[in-house]
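K.L.:
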Amino acid sequence: MKAFAKSAIDAQQPYIANPDAWLKQPENISKLARLSGVPEGDVPGLVKGNTYLTPQQQTAELTGPVNKAIIDTAQFLKEQGKVPAVANDYSQYVTSRFVQ
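Given below as structure tokens:
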């Protein structure tokens, strides 16, 4: 899992460092189009529509907002009668060790 996370982070770093320069490189666009099945002309808009986090930002998200999102989702599912109980904290199930 750590190797997968590292490969994704490494691939995103050039874009994070300079999005416009990255998008001007035709090989980046054609590679994403080929891998995703999206027409090349659509790739820049789709890439710009995503948020790519640095490892530090991912760690910050995983140590706070992700736990809250899980709690909120669990509470919603309880209200819908889909789960019988909700815990107050799910942080033991979330880790940032793969992005550090």
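Going by the numbering used here, the sequence shown opens with residue 483, and the numbers climb by one from there.
Built from N, CA and C at the ideal position, the CB exists for glycine as well.
Since we're looking at a predicted model, the values are computed, not measured.
Could you say if the stretch 544-552 and the stretch 488-502 meet the contact criterion of at least three C-beta pairs nearer than 8 Å?
P.N.:
no
K.L.:
From I498 to Y572, what does the alpha carbon distance come to, in whole angstroms?
P.N.:
30 Å
K.L.:
Grouping DSSP H, G and I as helix and E and B as strand, with all else coil, what is Q507?
P.N.:
coil
K.L.:
Would you call the CB atoms of S489 and Q540 closer than 8 Å?
P.N.:
no
K.L.:
From which residue to which residue does the alpha helix (DSSP H) around P521 run?
P.N.:
Careful: P521 lies outside any alpha helix (DSSP H) and carries neither H nor E.
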